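In the UniProt record's numbering, the protein residues as written are 1 to 500.
Quick reminder that beta carbons are idealized off the backbone N, C-alpha and C, glycines included.
Quick caveat: nothing in here was measured; it's all calculated off a predicted structure.
Here the structure comes first, spelled out in structure tokens, and everything after it is commentary.
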Ligand code: CS2
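Have a look at this one:
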């Protein structure tokens, strides 16, 4: 059934929205923004904003609105759509059985674009009302060299920011400027809360910020290191990119016109270290878990879920798979992924309090197979250079160090070379590759026909792993077979057969 009259999503229309969509029960005009969030993409909107909206609904504490910040020109579209909708958007939660829950999230209060008004962003972060600055800036946004884990001062944006502190491009310039205002005013700092898929994401943020600030203001760096809390956290909710079909669904079947809704799975998890510089929302009242040490949880999640995604993403892309659910429903891919998880990841995980790893993996397979979450492999393979370095190589290195299995992960690296070289799937369809390193990846991969180890020359990714003869031998075997036969499936079968 198609609904004839759609209602535009905005504040004035909230009371007239159809009953099938849940709306905020709190008075949005009373919300103040205790949180500034940098990187308002789908994931932030399905995760931290969901928890915060739910918390404000349940507690009536309205001091935790979120002011969004975009650091890139590419954020303008989101900013303009959300502004037109009074910062409201719909969260569409799709269950595997077809059930759908639609909910309007009301906790976003504003959206600033740093390229338009850098000082406004600093002022907002420095204002007394702000207690937390949270981040989803992707793995690449932390600007660390994945081999050394040190801040990359050679990055052109860093060079720019050090020369132009009044109009920085990267997050560190804003954090530094706003924290300096707090320090100079003798005030408490805000908490800096990373929500990205990096192990010890808080420690990493701290280390990168201190390295950056240490370049020009030792006193500030010292004050940050003494006073600012950077809680580590594990974040989880699969959130595919929004498609025109999602907007059409809302308009035609629900009767709401929303120009940028978010779709996600029902599963949600947030495990956070309870160390904050100042007040925080009691997110534990709405399902988040506070712990003293998040290390085992984040390792489990990143090495199983995120790396599992990359395994399916890279192998599936050079076949003819389009989505995660499609890939995992193919028995060969499912068996391969399970072997990777069981034989290469599980042995290196630490015991995780309250979690049965077999059950955790079973649930992951159910989540990946949700037929109503069309998580495109092009999203999964976005910025693979950061993802492989963060999600997969640490596992490989650990297995190399302690004699563990490496075949599944090594074939994924060989497949990534093939993918970067050919840039098409097995039917000749062009792959949608988005990676800051894509030109370098392509160039190195193209040399493979002459030198089977050419791809490993990319030192910023492979410097450590290529020092390991066991890896190099296995990689060479895999890459030669792949270039000789162009048949990834038979190689996946070989790896499975050898494991029996
Ligand atoms: C994905 C993540 O992009 C990726 O690599 O693995 O976006 C993943 O869907 C989320 O981390 C789920 O919590």
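request  = Classify residue 506 as helix, strand or coil using the three-state DSSP reduction.
outcome  = Any question about residue 506 goes unanswered here, given that the chain covers just 1 to 500.
query = In the structure shown, what three-state DSSP assignment does residue 214 receive?
reply = helix
query = Distance, Cα to Cα, residue 258 vs residue 85?
reply = 8 Å
task = Taking only the alpha-carbon atoms, compute the straight-line gap between residue 67 and residue 401 and give it to the nearest angstrom.
result = 45 Å
request  = Using three-state DSSP, classify residue 141 as helix, strand or coil.
outcome  = helix
key: Proximity test, residue 370 beta-carbon vs the ligand CS2 heavy atom, cut-off 8 Å   = no
ask   = Which parts of the region 390-463 are runs of the alpha helix (DSSP H), unbroken and 4 residues or longer, counting only runs that do not cross its ends?
value = 393-402, 407-422, 438-446, 459-462
ask   = Straight-line CA distance for residue 219 to residue 31?
value = 35 Å
query = What residues are listed by DSSP as bridge partners for residue 234?
reply = 271
request  = Give the range of the beta strand (DSSP E) segment to which residue 465 is assigned.
outcome  = Element bounds for residue 465: n/a, residue is neither H nor E.
query = Are the beta-carbon atoms belonging to residue 332 and residue 493 less than 9 Å from one another?
reply = yes
request  = Starting from residue 376, follow its DSSP beta bridges and name the residues at the other end.
outcome  = 323
Own chain residues within Cβ distance below 6 Å of residue 194, not counting five before or after = 135, 201, 202, 205
ask   = In terms of alpha-carbon separation, which member of 456, 430, 97, 232 lies closest to residue 367?
value = 97
inquiry  = According to DSSP, simplified to helix, strand and coil, what is residue 103?
reply    = strand
inquiry  = Between the alpha carbons of residue 449 and residue 80, how many angstroms are there, rounded?
reply    = 47 Å
Other residues of its chain near residue 434: CB distance less than 6 Å, five sequence neighbours each side excluded = 382
message = Alpha carbons only, please: which of 438, 440, 300, 416 is nearest the one belonging to residue 482?
response = 416
query = From residue 282 to residue 55, what does the alpha carbon distance come to, in whole angstroms?
reply = 7 Å
request  = Figure out for me which residue from 310, 330, 254, 297 has the closest Cα to the Cα of residue 350.
outcome  = 297
request  = Could you tell me which residues DSSP puts in a beta bridge with residue 94?
outcome  = 100
ask   = How long is the line joining the alpha carbons of residue 23 and residue 106, rounded to whole angstroms?
value = 8 Å
query = Just the Cα atoms here: how many angstroms apart are residue 467 and residue 460?
reply = 13 Å
query = What is the rounded straight-line gap between the Cα of residue 130 and the Cα of residue 177?
reply = 14 Å
request  = Following the continuous beta strand (DSSP E) through residue 295, name the residue where it begins and the one where it ends.
outcome  = Premise fails: residue 295 lies in the alpha helix (DSSP H), 295-300, not in any beta strand (DSSP E).
message = If I measure Cβ to Cβ from residue 542 and keep anything under 8 Å in the same chain, skipping five residues before and after, which residues do I get?
response = Given a span of 1 to 500 for the chain in the structure shown, any question on residue 542 remains unanswerable.
ask   = Which two residues bound the contiguous beta strand (DSSP E) that contains residue 314?
value = Taken as a continuous stretch (DSSP letters only), residue 314 belongs to no beta strand (DSSP E), being part of the alpha helix (DSSP H) at 307-318.
task = Going by DSSP, name the residue or residues bridged to residue 257.
result = 8
inquiry  = Does the distance between the C-beta of residue 164 and the nearest non-hydrogen atom of the ligand CS2 fall short of 8 Å?
reply    = no
ask   = Which of helix, strand or coil does DSSP assign to residue 224?
value = helix
Spatially closest choice to residue 213 from 487, 57, 292, 172, by CA coordinates = 172
query = So, helix, strand or coil for residue 66, using DSSP?
reply = strand
request  = Can you check DSSP and say which residues form a bridge with residue 264?
outcome  = 93
query = Are the beta-carbon atoms belonging to residue 9 and residue 69 less than 9 Å from one another?
reply = no
ask   = Rounded to the nearest angstrom, how far is the Cβ of residue 241 from that of residue 376, given a contact under 8 Å?
value = 6 Å
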